[in-house]
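Inspection log for the structure reproduced underneath, given as structure tokens.
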Amino acid sequence: MEGIKHPILQVALDFVDLPRALKLAEESVSGGADWLEAGTPLIKSEGLHCIRELRSKFPSVKIIADMKTMDAGRAEVEIAAKAGANIITVLASAHDETIKECVDAASNYGAEILADLLEVEDAVKRAKEVEKIGVNYIGLHIPIDEQMTGNISFDVLKKVSSAVALPVAIAGGINSENAAEALNAGAEIIIVGGAITKSENAKTETQKIKRAIKEKIKIKTQLYKRVTEKNVIDVLQMVSTANISDAMHRGMHLRGLTPITPGKKMIGRAVTVRTYPGDWAKPVEAIDIAKEGDVLVIDAGGVEPAVWGELATNSALQKALSGVVIDGAIRDVAEIRSLGFPAFARIITPQAGEPKGFGEINIPVIISGVRIFPGDWLVGDDDGVISIPREKIAEITNRSMDVLEKENRIRKEINEGGTLAKVTQLLKWEKK
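Going by the working numbering, the sequence shown opens with residue 1, and the numbers climb by one from there.
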């Protein structure tokens with residue numbers, strides 16, 4: 001093993017289409033990337049042809065094949081090394097004999113082995129064990145699905161890096177804000193994926209992260225970072241309901257509800273109301289119960305008369321509510337629009353009902369087939385309204401940002417002369 005003389009920036013090409021990966025690789029190398037990784041999705045999608053192409057186009061750059069080998073160590077390392085990989089990854093959770101075979105095969109072909117501690121229960125113990133077996137690098141991997149919860153910590157990295165003499169690599173949620181923190185925790189190889197591969201200008205983003213690593217400084221970034229529940233609103237302000245639906249595997253919106261105040265966005269926790277059609281007593285009473293930033297979600301049976309109007313809107317503004325969602329009717333829409341209050345309703349009508357007081361507040365309601373509980377999150381924009389279960393708010397928010405970031409990159413490639421079908425190789429990925 002040559003040893004590492006300075007911190008390494010490794011770019012993980014986690015694409016499923018080789019042309020996009022190669023284009024990104026060119027941009028990142030021009031920005032100062034040290035090593036290139038053929039990510040697991042790329043290898044699974046394109047096969048080891050992607051390694052051959054990377055080796056051909058970047059003959060002086062170290063190429064990593066993220067094989068995540070779990071069995072058949074000799075065969076997998078041999079074919080990756082023959083294709084041009086300098087480093088091949090094996091899961092540290094594999095059997096010791098598998099890892100030994102990987103080490104021996106790599107030695108035979110002039111390659112090296114990185115043992116990935118992904119999902120290993122006792123990372124320090126296993127790191128010491130695979131070091132004795134003879135691997136060349138230790139890798140710590142914060143899984144993408146775990147990143148989506150917003151929980152990114154370098155505590156395990158500190159423990160592992162102090163327990164072994166081998167260079168330690170860290171991957172998962174690394175960006176220009178936390179790369180220096182990872183270095184200070186003991187990493188010598190900083191593996192960056194989305195912060196570069198989803199950027200509109202990969203060269204510039206690579207340069208920024210490279211500077212953060214070299215100078216060990218924190219460089220602020222608006223994108224490519226994940227949040228916890230306490231600060232989801234910052235991200236929800238940036239993403240659209242379309243992004244959220246995609247993040248929820250094409251999740252269902254509240255169908256049939258129309259934005260009354262175009263251009264206004266609504267974000268907040270649900271205070272739910274079930275009422276009789278036209279009976280506006282409980283909806284108005286719920287305003288007094290709701291807290292600043294909440295959204296009233298009113299189930300009025302999806303029919304007329306109106307249960308909400310301009311006076312209720314003024315009351316909601318006094319309480320600093322974020323908006324109202326009505327499966328039923330609304331009136332005074334001109335005044336509500338002039339007030340700029342986000343409102344979504346199924347029907348517009350001039351007729352209101354009488355406040356008789358039938359109904360309940362803060363109970364589960366079903367709107368357009370979607371069950372909404374008190375405390376669930378509602379997001380509304382010009383595309384409509386979508387509900388996010390409160391227990392999944394951090395995950396869905398982060399996945400929505402991931403959708404937005406990926407779209408930013410695709411848009412950039414389209415604007416450079418491509419088309420959506422060509423950039424995403426749509427024909428290739430049609431379901432067979």
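The C-beta atom is built at its ideal place from N, Cα and C for all residues, glycine as well.
Just to check my reading of the structure: residue i and residue j have Cβ atoms closer than 8 Å, yes? What is that Cβ distance to the nearest angstrom?
i    : j    : result
A21  : L42  : 6 Å
A343 : K319 : Incorrect: roughly 15 Å between the Cβ atoms, too far for contact.
V271 : D294 : 5 Å
G73  : E101 : 4 Å
V333 : V385 : V333 to V385, Cβ: 16 Å. No contact.
S28  : V11  : 5 Å
A180 : I133 : With a Cβ gap of about 31 Å, A180 and I133 do not count as contacting.
I130 : I99  : The identity of residue 130 in the sequence shown is Val, whereas the question assumes Ile. Right, the Cβ-Cβ distance comes to about 6 Å (below 8 Å), so this counts as a contact.
R346 : G302 : 5 Å
T424 : I410 : 7 Å
G309 : A281 : Not confirmed; about 13 Å, so no contact.
F58  : A25  : 7 Å
Are the beta-carbon atoms belonging to residue i and residue j less than 8 Å from one another?
i    : j    : result
S322 : G359 : no
A127 : I138 : yes
A182 : L157 : yes
L9   : V160 : no
K265 : D402 : no
D71  : A94  : yes
L48  : I79  : yes
L13  : T197 : yes
I298 : D327 : yes
W35  : V77  : no
Q147 : G110 : no
A242 : P277 : no
V379 : L236 : yes
P7   : I213 : yes
Excluding sequence positions up to five away, which residues of its chain have a Cβ less than 8 Å from the Cβ of residue i?
i    : result
R52  : A83, G84
T89  : I64, A65, D66, M67, K68, T69, I113, L114, A115, D116, G139
P349 : The residue you asked about is not Pro; residue 349 is Thr in the sequence shown. Closer than 8 Å at the Cβ level, and outside the excluded window around T349, lie E304, P305, A306, A329, I330, R331.
T313 : V324, D332, E335, I336, L339, F341, A343
G32  : L9, T206, Q207, K210
P364 : T272, R371, I372, F373, P374
Among the residues of its own chain, which have a CB less than 6 Å from the CB of residue i, if the five just before and after it don't count?
i    : result
I170 : L140, L157, A182, A187
A286 : V271, V273, L296, I361
P259 : F344, D382
K406 : K198
Can you tell me whether DSSP reads residue i as helix, strand or coil?
i    : result
M1   : Per-residue confidence for M1 stands at a pLDDT of 43, beneath the threshold of 50, marking its modelled position as unreliable; the derived number appears in the next sentence. DSSP places M1 in coil when its eight states are reduced to three.
I209 : helix
H49  : helix
I144 : helix
L296 : strand
L36  : strand
M401 : helix
G194 : helix
G445 : Residue 445 cannot be examined here, being either before or after the span of the chain that is shown, 1 to 432.
V227 : coil
I152 : coil
E360 : strand
E112 : strand
A85  : coil
K406 : helix
K319 : coil
P167 : coil
A127 : helix
Could you pull out every residue in the same chain whose Cβ sits closer than 7 Å to the Cβ of residue i, ignoring the five residues on either side in sequence?
i    : result
K220 : E177
C50  : L18, A21, A38, L42, I43
M1   : Its pLDDT being 43, under 50, M1 is placed unreliably by the model, and nothing is read from it.
A394 : T149, G150, V227, T228, E229, V232
I396 : I244, A247, M248, I388
V16  : P41, L42, S45
S240 : D381, D383
I174 : A182, I190, I191, V192, A195
I414 : L420, V423
P262 : D382
Taking 8 Å as the threshold, find out whether the stretch 166–173 comes into contact with the stretch 201–219 through three or more Cβ pairs.
no
Determine contact between the stretch 380–393 and the stretch 349–356, defined as no fewer than three beta-carbon pairs at a distance below 8 Å.
no
With three or more beta-carbon pairs closer than 8 Å as the criterion, would you say the stretch 253–269 touches the stretch 359–373?
yes
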